[in-house]
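Report on the structure given below.
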Amino acid sequence: MSTHARRFGLGAGVLAVLAMGNGLTLPLSAALPPITVRGRFVCVSPAAERDGSCSSGRVGIRVAGGRVFIFLPNDLAVALYADPRLRARELQVTALRHDGDRLESIRVRSIRDGRLYEITYVCDVCQITSSVPGPCPCCQKALALVETPVTY
Ligand SMILES: [Zn+2]
Numbered sequence: 008m009s010t011h012a013r014r015f016g017l018g019a020g021v022l023a024v025l026a027m028g029n030g031l032t033l034p035l036s037a038a039l040p041p042i043t044v045r046g047r048f049v050c051v052s053p054a055a056e057r058d059g060s061c062s063s064g065r066v067g068i069r070v071a072g073g074r075v076f077i078f079l080p081n082d083l084a085v086a087l088y089a090d091p092r093l094r095a096r097e098l099q100v101t102a103l104r105h106d107g108d109r110l111e112s113i114r115v116r117s118i119r120d121g122r123l124y125e126i127t128y129v130c131d132v133c134q135i136t137s138s139v140p141g142p143c144p145c146c147q148k149a150l151a152l153v154e155t156p157v158t159y
């Protein structure tokens, strides 16, 4: 598998969107309107937020104006919440919006100095790229965060 394909390994929402052009039977979520929001990670159980842990159904994003969207429990954004560097960043999330202001992420990008960055995790030893943080599946070394400026 190419490194490019690996980067989108968790992007179930992307597949759902792409499938719309093929006339296939769609999962329910594919009919939901995608939205793009900017904000910062938040854990809706404040006691847990202090030590960086947050149960998976309580990770959300607080956007301008104070509104909070919660990510689905197995969402890409929930995995990214584990990275303290991303908890400190402003983020741009494109997601399918489910009932109850719950989001199914299609893409998560970071914002630094007003510029958008692609988020990837790499093991420079094994040349492995992942969309989520954690140990390298090959050598177990912690994957390193790489933010690449988005160019249009
Ligand atoms: Zn490795």
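Residue numbers are given in my numbering: position 119 of the sequence shown equals residue 126, and the series is strictly consecutive. Each residue gets a CB set at the ideal place from its N, CA and C atoms; glycine is no exception.
Coarse secondary structure for residue 91, derived from DSSP in three states: helix
What number of angstroms, rounded off, separates the C-alpha of residue 49 from the C-alpha of residue 104? 17 Å
Near ligand 1: residue 153 beta-carbon under 7 Å from a heavy atom: Outside the cutoff, so no.
Taking the continuous beta strand (DSSP E) assigned at residue 50, which residues delimit it? 41-50 is the span of the beta strand (DSSP E), which, as asked, contains residue 50.
Does the beta carbon of residue 146 fall short of 7 Å from some heavy atom of ligand 1? yes
I'd like to know whether the C-beta atoms of residue 115 and residue 87 end up nearer to each other than 8 Å. For the 8 Å CB-CB criterion, residue 115 and residue 87 form a contact.
Using CA coordinates, which residue listed in 148, 129 and 102 is at the minimum distance from residue 139? 129
What residues in its chain sit with their C-beta under 7 Å from that of residue 85, if we drop five residues either side in the sequence? 63, 66 and 78
Residue 74 versus residue 106: straight-line alpha-carbon distance, rounded: 15 Å
To which residues of the same chain is residue 122 closer than 8 Å at the C-beta, ignoring the five residues directly before and after it? So the list reads 156 and 157, once near-sequence residues are dropped.
Beta-carbon contacts of residue 99 that lie in its chain and below 7 Å, excluding the five residues immediately before and after: Taking C-beta separations shorter than 7 Å and ignoring five residues to either side along the sequence, the partners of residue 99 in its chain run 43, 45, 116, 118 and 123, following chain order.
Given a threshold of 16 other Cβ atoms within 10 Å of its Cβ, counted over all protein chains shown, does residue 12 qualify as buried or as exposed? Since pLDDT at residue 12 reaches only 41, below the 50 mark, its modelled position is unreliable, and no value is offered.
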